[in-house]
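Everything below concerns the one structure shown next.
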Amino acid sequence: MSNSVNTNVGALIALQNLNATNAELAVTQSRINTGKKVSSVKDNGAIWAIAQGQRAEIGALGAVKQSLDRGVAAVDVAIAAGETVSDLLLQLKEKALAATDASLKTAARAALNEDFQALRDQIATVTANAEFNGINLLKTGATGFNALANAQGNATLTVGAEVMALGSTNVSVATTQSIETLTKAAASLTAVNNSIDAVSGALARLGTKSKALTTHLTFVGKLTDSLESGVGNLVDADLAKESAKLQALQTKQQLGVQALSIANQTPQLVLSLFR
């Protein structure tokens, strides 16, 4: 290599190498600071686009999870209320059966009837208030609901209503049902027995729906975890590797500075030839 005061080739090469090292160092420092090897589209357009698509899927699954959570809660409230209705029906049966005793005194029958009506009215209160987030599966006129099942929004899990209001299909005990006479007691006992069987069936169906919602909710959670792991594999930096690389690049940077300093002394050496 010839020596020239016009063009210091060695210094230019040293400067290029130092600039390249500084650029690598900036990338490594950015990865350590952000924890990501792909933090913007400039880092890797293809990977960034894939990761964004997966993030959108994860966000949509978050909405699905919320919908399923609300659905599970609504069904659980309905089940709790339905179990209360079932317990009340058992108590009604006890009162109605006692009232079928022909030897019962008038005062005793009146007391039983008063208890019967109080228990009957509690069923109305329970079913009217079995609501979560505006959903009541037990009240008169209930229609059920649909919970989101996928991120595309084109599939749902349907939960039908199980009306347990007085005078409904599941609870045939009427709003005016009483046991004030022997005849009415017999009719009430039949209505209560039918209601017990119907409510048991309704609760079984609600239990099945609750299990289906919970199972799908678990699946959505696992799917979300898998997608998040996949995004991490695409964009997250290996911090142990980047830390080791940082030390190597810092050493390389120091050597580059020294090399540039030495190269910059070359013109001075040329000048010394003329002394």
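For the sequence shown, position 165 (counting from the first letter as 1) is numbered 167 according to our numbering, and the numbering increases by one without interruption.
The beta carbon of each residue, even a glycine, is placed where N, CA and C say it ideally should be.
As the structure is a prediction and not an experimental result, all values here were calculated from the model.
Near residue i, what residues of its chain come up, given a Cβ to Cβ distance below 8 Å and the 5 sequence neighbours on each side ignored?
{"i": "VAL87", "result": "ILE125, VAL128, THR129, LEU140, MET166, VAL173 and VAL201"}
{"i": "THR145", "result": "ALA163"}
{"i": "LEU13", "result": "Before going further, note that residue 13 is Ala rather than Leu in the sequence given. LEU262, ALA265, ASN266 and THR268."}
Any beta-carbon of chain D closer than 8 Å to the one on residue i?
{"i": "THR177", "result": "Absent from the structure is chain D; it holds one protein chain and no more."}
Figure out for me which residue from the options has the closest Cα to the Cα of residue i.
{"i": "ASN148", "options": "LEU70, GLY234, ALA187 and LEU262", "result": "LEU70"}
{"i": "GLY169", "options": "ARG72, GLN179 and VAL161", "result": "GLN179"}
{"i": "GLN31", "options": "LEU17, ALA246 and GLY232", "result": "ALA246"}
{"i": "ALA188", "options": "VAL222, THR210, ASN266 and LEU94", "result": "LEU94"}
{"i": "ASP123", "options": "ASN156, THR158, ALA176 and ALA104", "result": "ALA176"}
{"i": "ARG57", "options": "LEU229, LYS243, LEU241 and ILE264", "result": "LEU229"}
{"i": "GLN119", "options": "ALA48, LYS186 and LEU27", "result": "LYS186"}
{"i": "ASP89", "options": "GLN260, VAL74 and LEU121", "result": "LEU121"}
{"i": "LEU191", "options": "GLN252, LEU150, ASP103 and ALA206", "result": "ASP103"}
{"i": "VAL74", "options": "THR253, GLN260 and THR216", "result": "THR216"}
{"i": "GLY64", "options": "LEU159, ALA109 and LEU150", "result": "LEU150"}
Going along the chain, which residues of its own chain have a beta-carbon closer than 6 Å to the beta-carbon of residue i, five neighbours each way excluded?
{"i": "ILE81", "result": "LEU208"}
{"i": "TRP50", "result": "VAL40 and VAL43"}
{"i": "VAL237", "result": "LYS38, VAL40 and ALA53"}
Can you grab the Cα-Cα spacing for the pair residue i / residue j, in whole Å?
{"i": "ALA204", "j": "VAL194", "result": "15 Å"}
{"i": "LEU114", "j": "ASN152", "result": "53 Å"}
{"i": "HIS218", "j": "LYS67", "result": "9 Å"}
{"i": "ASN235", "j": "ARG33", "result": "14 Å"}
{"i": "LEU106", "j": "THR183", "result": "10 Å"}
{"i": "ARG72", "j": "LEU225", "result": "19 Å"}
{"i": "ALA112", "j": "ALA76", "result": "39 Å"}
{"i": "VAL222", "j": "ALA250", "result": "43 Å"}
{"i": "LEU17", "j": "VAL233", "result": "38 Å"}
{"i": "ASN19", "j": "GLY258", "result": "7 Å"}
{"i": "THR23", "j": "ASP227", "result": "37 Å"}
{"i": "GLN255", "j": "ALA242", "result": "20 Å"}
{"i": "ALA132", "j": "GLY84", "result": "9 Å"}
{"i": "LEU91", "j": "GLN154", "result": "44 Å"}
{"i": "ASP78", "j": "VAL161", "result": "12 Å"}
{"i": "THR36", "j": "VAL29", "result": "11 Å"}
{"i": "ASP199", "j": "GLU59", "result": "44 Å"}
{"i": "THR1", "j": "ALA157", "result": "Since the first residue of the chain shown is 3 and the last is 277, residue 1 is not available in this structure."}
{"i": "GLY47", "j": "LEU27", "result": "21 Å"}
{"i": "ALA109", "j": "THR142", "result": "35 Å"}
{"i": "GLN252", "j": "ASN21", "result": "13 Å"}
{"i": "SER231", "j": "ILE15", "result": "43 Å"}
{"i": "ASP45", "j": "LEU159", "result": "41 Å"}
Tell me which same chain residues have a C-beta within less than 7 Å of the C-beta of residue i, skipping the five on either side of it?
{"i": "GLY61", "result": "none"}
{"i": "LYS213", "result": "none"}
Exposed or buried, which one is residue i when buried takes at least 16 other CB atoms within 10 Å?
{"i": "THR220", "result": "exposed"}
{"i": "GLY55", "result": "exposed"}
{"i": "VAL11", "result": "exposed"}
{"i": "ALA239", "result": "buried"}
{"i": "ILE181", "result": "buried"}
{"i": "LYS278", "result": "Not covered by the structure: residue 278. The range shown for the chain is 3 to 277."}
{"i": "SER197", "result": "buried"}
- Item | Meets three-Cβ-pair contact criterion under 8 Å: the segment 94-111 and the segment 131-140 | Touching, no, given that fewer than three Cβ pairs across the two stretches are closer than 8 Å.
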